Structure formats: structure tokens, C-alpha cells
Amino acid sequence: MENQEEKGLSLIELVNLLLKNWLFIGISTVLIAAVAFIYAFRIATPMYESRSDVIVQVESSNELGFDYTTALRLVPSIAEFMKKDIVLDDVIETLGLDMSTGELRSGLSITSSNTTFFVYVTYQNEDPELSRDVANQVIASARDIAETNTTFSSFKGKISDPTTIAKTGVYASPNKPLFVIIGVLLGGILGVGIVLVKELTNNTYRTKEEIEADFDIQVLGVIPCFEVKEDL
283 MENQEEKGLS LIELVNLLLK NWLFIGISTV LIAAVAFIYA FRIATPMYES RSDVIVQVES
343 SNELGFDYTT ALRLVPSIAE FMKKDIVLDD VIETLGLDMS TGELRSGLSI TSSNTTFFVY
403 VTYQNEDPEL SRDVANQVIA SARDIAETNT TFSSFKGKIS DPTTIAKTGV YASPNKPLFV
463 IIGVLLGGIL GVGIVLVKEL TNNTYRTKEE IEADFDIQVL GVIPCFEVKE DL
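Per my numbering, the sequence shown starts with residue 283, numbered consecutively.
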């Protein structure tokens with residue numbers, strides 16, 4: 283037993299092992315891919331996305347550098363302002379939506395750039411027309427509140443009319459082909475993994491060469507396998 287070495291698989295043995303178990307690996311791949319296909323095409327709710335944007339405006343001045351800096355500072359502030367409850371509550375009330383502010387915010391994405399004056403409003407929903415309406419209404423509500431609410435008077439006149447008006451939502455997710463590809467890969471990996479684990483945890487001796495290598499002894503003979511047929 284002192285001469286016993288840890289058993290491993292050579293490249294040729296690995297290839298032969300995979301070829302021997304190709305049917306199991308294939309079934310595993312097909313099953314997982316089928317589950318991914320059913321989820322992507324039958325279960326997952328399709329989401330549609332609409333996008334609109336505005337530009338942050340500042341009053342013209344001879345001090346161009348000051349205006350440029352002021353505008354760049356206003357851009358992220360206005361983007362955050364558009365996410366506030368006061369704006370989203372107005373969107374819900376105006377459109378008559380049956381959802382909470384948190385639910386509306388979960389599908390809303392408002393982003394800005396550090397190098398431009400644009401603020402982008404994107405909304406995802408399972409209803410393509412609703413995604414369009416919300417994306418447009420967020421800008422309309424933000425402009426109205428900035429003009430009428432003294433708390434946000436610093437934004438008055440700073441939010442332009444929409445530079446891009448949202449259109450009926452386009453398909454956004456899930457990525458169906460990607461789901462199927464991932465399912466195929468996971469199925470193949472799972473099948474190969476099970477085969478390897480089963481092989482590496484198998485401590486039985488299947489050839490006399492394995493016994494001779496592990497125990498440094500010579501095997502004089504083996505018992506052959508045969509079948510006994512009984513006459514009825």
C-alpha cells in the first residue's frame with residue numbers, strides 16, 4: 283500500500299471516457315437547453331423599452347466657461363430630480379397608473395453624461411405603449427414641477443422640450459438566443475462534470491494492470507467472466 287499512487291486520467295483516457303459517455307452528456311445538454319428554451323420563449327415576460335431625452339439649458343453669458351461649468355453641474359442634479367417621488371407621483375396620477383412609486387421606479391432608468399448636457403430617460407415595461415407614455419411623461423412632469431414648485435426653482439427654465447420623443451417600446455428582454463446558448467453550455471458542462479466525478483471517485487480495480495501498478499505485485503491470473511445457461 284506504501285507504493286500506491288493517486289490515480290488520474292491521461293488525455294487519451296479522458297477522451298475515451300467522454301466518448302464512452304457521449305449519450306449521457308448529450309441527454310444532459312438537451313434537457314438543460316430545453317429548460318432554457320421553454321423559460322425564454324414561454325415563461326419569461328417580454329419587456330419593451332422606450333427612450334426619450336432632454337438637454338439642460340443655461341442662460342447665455344459672456345462668461346462662457348462659467349455657463350459651461352454650471353450646465354455640467356446641473357445635468358446630474360436634474361437627472362436625480364427626475365427620479366424623485368414628487369415627479370413619479372405626478373406621472374402616476376397623470377397617466378392613471380395602478381402601481382406604486384417604487385414599482386414605477388424599478389423600470390425607470392435616468393442617466394446623464396459627464397461630457398454632454400443630455401439627460402436620457404428610459405423605461406421598461408411589458409406594455410410597449412405604456413413604456414412610451416411613461417418615458418415621455420417623466421420629462422413633462424419634471425418640467426412642470428420645475429416651473430411651478432418653488433422648492434425646485436433652481437431648475438426653472440433649465441429643462442428643454444424633449445429632444446427625442448419616446449416611441450412605442452421595442453423588445454428589450456429577455457435575450458432568447460443567449461438563454462438557449464447558456465442552456466447548451468450549462469448542460470454540457472453538467473454532463474461532463476458528472477461523468478468526471480463518477481470516474482474519479484470510482485475506487486474499484488477494473489484491470490490487472492491497475493492492481494500491479496498500485497501494489498507492486500504480479501497478478502498470476504484473473505477470473506474470466508462467463509454466463510451459465512440453464513436448460514429448462
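Quick reminder that beta carbons are idealized off the backbone N, C-alpha and C, glycines included.
Being a predicted model, the structure only gives us computed values, none of them experimental.
Problem - Length-filtered (4 minimum) alpha helix (DSSP H) runs lying within the segment 354–438 - result: Whole alpha helix (DSSP H) segments, 4+ residues: 367–377, 383–388 and 410–430.
Problem - Identity of the residue in Thr-486, Leu-468 and Ile-421 nearest Ile-392 by Cα - result: Numbered from 1 along the sequence shown, position 110 holds the residue referred to as residue 392. With respect to the C-alpha of Ile-392, the residue from Thr-486, Leu-468 and Ile-421 having the closest C-alpha is Ile-421.
Exercise for the section: Return yes when the Cβ of Val-369 is within less than 8 Å of the Cβ of Ile-427, no when it is not. Expected result: As a first step, residue 427 is located in the sequence shown; it is residue number 145 there, counting from the start. As a first step, residue 369 is located in the sequence shown; it is residue number 87 there, counting from the start. A contact, by the Cβ cut-off of 8 Å.
Exercise for the section: Identify whether Val-336 lies in helix, strand or coil by the three-state DSSP scheme. Expected result: The residue you call residue 336 lines up with position 54 of the sequence shown. The answer is strand: DSSP assigns Val-336 an E or B state.
Exercise for the section: Could you give the DSSP three-state label for Ala-326: helix, strand or coil? Expected result: Taking the sequence shown and counting its residues from 1, one reaches residue 326 at position 44. Of the three classes helix, strand and coil, the one that applies to Ala-326 here is coil, per DSSP.
Handout entry: Distance CB(Ala-454)-CB(Glu-295) smaller than 8 Å
Key = Within the sequence shown, residue 454 is the residue found at index 172, counting from 1. Within the sequence shown, residue 295 is the residue found at index 13, counting from 1. Result no, Cβ atoms of Ala-454 and Glu-295 do not sit closer than 8 Å.
Problem - Own chain partners of Ile-360 with C-beta closer than 7 Å, once the 5 adjacent residues on each side are dropped - result: Sequence index remark: in the sequence shown, residue 360 carries index 78 (1-based). Counting only Cβ-Cβ distances below 7 Å, and skipping sequence neighbours, we find Val-338, Val-401, Phe-437, Lys-440 and Ile-441.
Problem - Close-in-space but distant-in-sequence residues of the same chain around Lys-365 (CB under 6 Å, 5 per side omitted) - result: Reading the sequence shown from its first residue, position 83 is the one you call residue 365. Closer than 6 Å at the Cβ level, and outside the excluded window around Lys-365, lie Ile-392.
Exercise for the section: Name the one or two DSSP bridge partners that Ile-453 has. Expected result: Taking the first residue of the sequence shown as position 1, residue 453 is located at position 171. Residue identity check: residue 453 is Tyr in the sequence provided, not Ile. Here Tyr-453 is bridged, per DSSP, to Tyr-330.
Exercise for the section: Note down the Cα distance separating Leu-346 from Ala-353, rounded to an integer number of angstroms. Expected result: For the purposes of this step, residue 346 is taken as residue 64 along the sequence shown, with counting starting at 1. For the purposes of this step, residue 353 is taken as residue 71 along the sequence shown, with counting starting at 1. Here Leu-346 scores only 48 on pLDDT, less than 50, and its place in the model is too uncertain to base an answer on.
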